[in-house]
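Engineer: Pasting in a structure now, in structure tokens, and then I'll have a few things to ask.
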Amino acid sequence: MLDRYGIVALFAVVAALFPAIALAMAWIIRPKKPNQSKLTTYECGLEFEDFPEAAQNVWVQFRVQYYIYALIFVVFDIEVVFLYPWAVAYNALGLFALVEMAIFLAILVVALAYAWRKGLLEWI
Amino acid sequence: MDLLNNLFVNLYDWLAGALHALAAGLNLVKDAENAIVAAVMSLVVIVVLLLWLVLMVLVLIWLERKNAARIQDRVGPNRVGPFGLLQPVADTIKMFIKEDIVPTNADRLVHTLAPIVVAAPAVLAFAVIPWGKGMFPVDLNIGVLWVVAVGSIGTIGIFMAGYGSNNKYSLLGGMRAVAQMVSYEVPQVLTIVAIVLMTGSLSLNKIVDAQSGWGGMQWYIFAFPVGPIAFIVYYLSALAEVNRTPFDIPEGESEIVAGHHTEYSGMKWGLFYVGEYFNFFLVCTIAVTLFFGGWQGPLLPPYVWFLIKVYALILLGMWIRMTWPRFRVDQLMGFAWKTLVPIALVNIILAALATPILKAIGLI
Chain C
3 MLDRYGIVAL FAVVAALFPA IALAMAWIIR PKKPNQSKLT TYECGLEFED FPEAAQNVWV
63 QFRVQYYIYA LIFVVFDIEV VFLYPWAVAY NALGLFALVE MAIFLAILVV ALAYAWRKGL
123 LEWI
Chain B
7 MDLLNNLFVN LYDWLAGALH ALAAGLNLVK DAENAIVAAV MSLVVIVVLL LWLVLMVLVL
67 IWLERKNAAR IQDRVGPNRV GPFGLLQPVA DTIKMFIKED IVPTNADRLV HTLAPIVVAA
127 PAVLAFAVIP WGKGMFPVDL NIGVLWVVAV GSIGTIGIFM AGYGSNNKYS LLGGMRAVAQ
187 MVSYEVPQVL TIVAIVLMTG SLSLNKIVDA QSGWGGMQWY IFAFPVGPIA FIVYYLSALA
247 EVNRTPFDIP EGESEIVAGH HTEYSGMKWG LFYVGEYFNF FLVCTIAVTL FFGGWQGPLL
307 PPYVWFLIKV YALILLGMWI RMTWPRFRVD QLMGFAWKTL VPIALVNIIL AALATPILKA
367 IGLI
């Protein structure tokens with residue numbers, strides 16, 4: 003059991019090293035000739051002189067509506083955490099498990115329908 | 007024939023044996039010797055797998071460009087090497103010698119870390135894929151969960167890229183990417199539940215074994231009606247998860263320049279590109295493992311069968327990419343929550359009801 007996760011840990015180390023090594027190799031080879039106009043933020047149709055620093059900063063507050071997706075996602079993801087063990091054990095548990103999970107899913111479907119009705123699933 | 011079928015397993019055994027013989031000279035305790043050999047062997051497997059994946063990405067880039075060209079009635083890359091086969095190699099070299107530009111306004115650390123966070127988890131998920139009979143780096147008993155969990159880390163990387171660049175196109179792309187990938191993850195994981203339910207196991211090896219009978223008729227794609235529905239939902243949400251046209255809202259060249267990689271150049275951009283193809287390859291391998299019987303097939307060696315099936319799905323994905331126009335962003339989110347999620351939920355109940363019947367008639 004432990005040695006399996008040992009391999010997984012080794013895998014994680016190599017997987018993290020792979021992009022890091024690629025970046026390091028490129029860092030050694032590539033030219034480094036920065037100038038002011040190269041280093042400005044990309045903008046379409048504007049010269050960088052009439053594009054002051056303040057206008058380039060985009061770290062703004064985003065609308066709340068957007069986070070609703072995150073909330074609904076969390077609800078469903080936690081549901082999935084319950085569904086996986088249920089699915090694995092389903093054949094042993096039989097009818098009782100089916101009814102129980104149907105009730106559980108029904109509650110979530112009601113929640114989804116509520117969010118839908120309230121217009122929270124619309125992208126604006 | 008037997009030799010070819012077990013080629014890589016035999017190679018592994020031979021190398022492990024050689025290492026044991028080498029380690030025996032050191033006069034270590036038996037346990038220490040075994041541990042060292044096991045560690046070295048898994049390192050060898052991981053490095054070989056990584057090189058293989060990079061090769062696959064090069065092939066995919068060539069295939070994608072050639073395919074796109076053929077579908078659009080062009081010739082495609084044909085200058086570098088025969089049939090333009092060396093084009094991806096030339097691209098890689100170009101990527102290495104391109105100057106790296108980090109805008110003055112960008113958050114330097116986040117900007118640099120983002121491509122690593124995108125590319126690394128994509129490799130990690132391949133740890134549990136069975137490539138052939140007995141050919142898997144590690145057999146986790148929670149394989150499916152591992153793939154799902156690791157696969158969602160990439161979302162963070164894309165958002166880091168969008169936020170760290172401090173560019174409005176990048177930020178919009180990052181925001182869209184998170185919303186889309188998070189939304190499509192729900193139907194994707196829900197639809198896998200149906201397969202787990204029919205198998206009764208989360209191990210990918212067990213799932214492959216469960217599809218072995220009846221000369222292919224026990225593949226879950228044929229477990230009517232649950233399998234086909236699950237596959238369609240899985241494949242569509244997987245395409246959305248890897249941000250490919252028609253779901254490439256986060257990149258949308260014609261509206262937000264290139265989304266989260268607007269401010270990237272050189273190898274950093276290359277890592278995003280590689281990560282994208284890793285992910286595309288990954289979702290196709292998982293689809294094959296879950297629905298098309300993994301490496302099973304007659305006559306040809308198992309690993310060849312696996313690649314044939316994977317490439318069939320990849321070509322399907324490329325065909326879809328070249329054929330359909332891009333979704334509008336609100337339609338896209340609506341499609342996930344109002345179509346795929348309800349279908350996946352119904353499919354779970356359907357699977358729970360149908361599993362005893364399908365088991366009785368021997369279809370699964």
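Quick note, the sequences are listed as chains C and B, same order.
Letter by letter, the first sequence follows residues 3 to 126 in my numbering.
Letter by letter, the second sequence follows residues 7 to 370 in my numbering.
C-beta atoms are modelled at their ideal positions from N, C-alpha and C, and glycine is treated no differently.
Pull the bridge partners of B:Gly219 from the DSSP assignment, please.
Structural biologist: Note: B:Gly219 sits in no beta bridge, so no partner.
Engineer: Which stretch, first to last residue, makes up the alpha helix (DSSP H) that contains B:Met141?
Structural biologist: B:Met141 -> no alpha helix (DSSP H), and no H or E assigned at all.
Engineer: Which residues of the stretch 82 to 100 of chain C have a Cβ closer than 7 Å to any Cβ of chain B? Give them in chain order.
Structural biologist: Correct list: Val82, Leu85, Tyr86, Ala89, Val90, Tyr92, Asn93, Leu100.
Engineer: When the cut-off is 8 Å and only beta carbons count, does C:Leu25 lie next to chain B?
Structural biologist: Chain B, which has a Cβ nearer than 8 Å to the Cβ of C:Leu25, makes this yes.
Engineer: Rounded to whole angstroms, what is the Cα-Cα separation between B:Ile370 and B:Ala229?
Structural biologist: B:Ile370 and B:Ala229: Cα-Cα distance of roughly 7 Å.
Engineer: Within 8 Å of any Cβ in chain C, is that where the Cβ of B:Glu257 sits?
Structural biologist: No, B:Glu257 does not count as interfacial toward chain C.
Engineer: Between B:Val199 and B:Gly157, what straight-line distance do the alpha-carbon atoms span, to the nearest angstrom?
Structural biologist: Distance between the alpha carbons of B:Val199 and B:Gly157 is about 16 Å.
Engineer: Would you kindly report the start and end of the unbroken alpha helix (DSSP H) that includes B:Asp8?
Structural biologist: Where B:Asp8 is concerned, the enclosing alpha helix (DSSP H) stretches over 8 to 11.
Engineer: Any idea if B:Ile201 is buried or exposed, counting beta-carbon neighbours within 10 angstroms, 16 or more meaning buried?
Structural biologist: Counting Cβ neighbours within 10 Å, B:Ile201 comes out buried, since at least 16 surround it.
Engineer: Closer than 8 Å by beta-carbon distance: list the chain C residues that pair up with B:Lys174, in chain order.
Structural biologist: What B:Lys174 touches in chain C: Val60.
Engineer: If you draw a straight line from the C-alpha of C:Phe78 to the C-alpha of B:Gly82, how long is it?
Structural biologist: Whole-angstrom Cα-Cα distance: 43 Å.
Engineer: Output needed for B:Val248: all residues of its chain with C-beta closer than 7 Å, excluding positions within five of it in sequence on either side, in chain order.
Structural biologist: For B:Val248, where only same-chain residues beyond five positions count, the Cβ hits under 7 Å are Glu282, Asn285, Phe286, Val289.
Engineer: Using a Cβ-Cβ distance cut-off of 8 Å, determine whether B:Asp215 contacts chain C.
Structural biologist: Answer no: the Cβ-Cβ gap between B:Asp215 and chain C never drops below 8 Å.
Engineer: What's the gap between the Cα of B:Pro3 and the Cα of B:His267?
Structural biologist: Beyond the ends of chain B as shown, which are 7 and 370, falls residue 3 of chain B; an answer cannot be given.
Engineer: I'd like the span of the alpha helix (DSSP H) that includes B:Thr361, first residue to last.
Structural biologist: Note, B:Thr361: alpha helix (DSSP H), 347 to 367.
Engineer: Kindly indicate which residue of B:Arg327, B:Asp19, B:Pro136, B:Asn353 has the alpha-carbon position closest to the one of B:Glu70.
Structural biologist: Checking every option, the nearest Cα to that of B:Glu70 belongs to B:Arg327.
Engineer: Determine, using beta carbons only, whether C:Ala113 comes closer than 8 Å to chain B.
Structural biologist: No, no contact with chain B.
Engineer: Less than 8 Å between the C-beta atoms of B:Ala24 and B:Pro193, yes or no?
Structural biologist: Their beta carbons are not under 8 Å apart, which means B:Ala24 does not touch B:Pro193 by this criterion.
Engineer: Which same chain residues end up closer than 7 Å to B:Val195 when comparing Cβ atoms and leaving out the 5 residues on each side of it in sequence?
Structural biologist: For B:Val195, where only same-chain residues beyond five positions count, the Cβ hits under 7 Å are Val154.
Engineer: Enumerated in chain order, which unbroken segments of the alpha helix (DSSP H) with a length of 4 residues or greater are wholly contained in the stretch 210 to 298 of chain B?
Structural biologist: With a minimum length of 4 residues, the continuous alpha helix (DSSP H) runs that stay inside the stretch 210 to 298 of chain B are 210 to 216, 232 to 247, 259 to 262, 272 to 297.
Engineer: With a threshold of 8 Å, are at least 3 pairs of Cβ atoms found where one atom belongs to the stretch 204 to 221 of chain B and the other to the stretch 133 to 153 of chain B?
Structural biologist: Touching, yes, given that three or more Cβ pairs across the two stretches are closer than 8 Å.
Engineer: Note the first and the last residue of the continuous alpha helix (DSSP H) segment covering B:Gln302.
Structural biologist: B:Gln302 -> no alpha helix (DSSP H), and no H or E assigned at all.
Engineer: Report the rounded CA-to-CA distance for C:Pro87 versus C:Ile74, giving the unit in angstroms.
Structural biologist: Approximately 21 Å between the Cα atoms of the pair.
Engineer: Give the single residue among B:Thr110, B:Ala360, B:Leu119, B:Ala74 whose Cα lies nearest to the Cα of C:Leu19.
Structural biologist: Residue B:Leu119 is the option with its Cα nearest to C:Leu19.
Engineer: Please classify C:Phe64: does DSSP put it in a helix, a strand, or coil?
Structural biologist: Looking at C:Phe64 - three-state DSSP - the assignment turns out to be coil, as it is neither helix nor strand.
Engineer: Since B:Arg114 is in the alpha helix (DSSP H), which residue starts that stretch and which ends it?
Structural biologist: 114 to 130 is the extent of the alpha helix (DSSP H) around B:Arg114.
Engineer: Tell me which residues share the same chain as B:Ile148 and place their Cβ nearer than 6 Å to its Cβ, disregarding the 5 neighbours each side in the sequence.
Structural biologist: Same-chain partners within the cutoff: Leu208.
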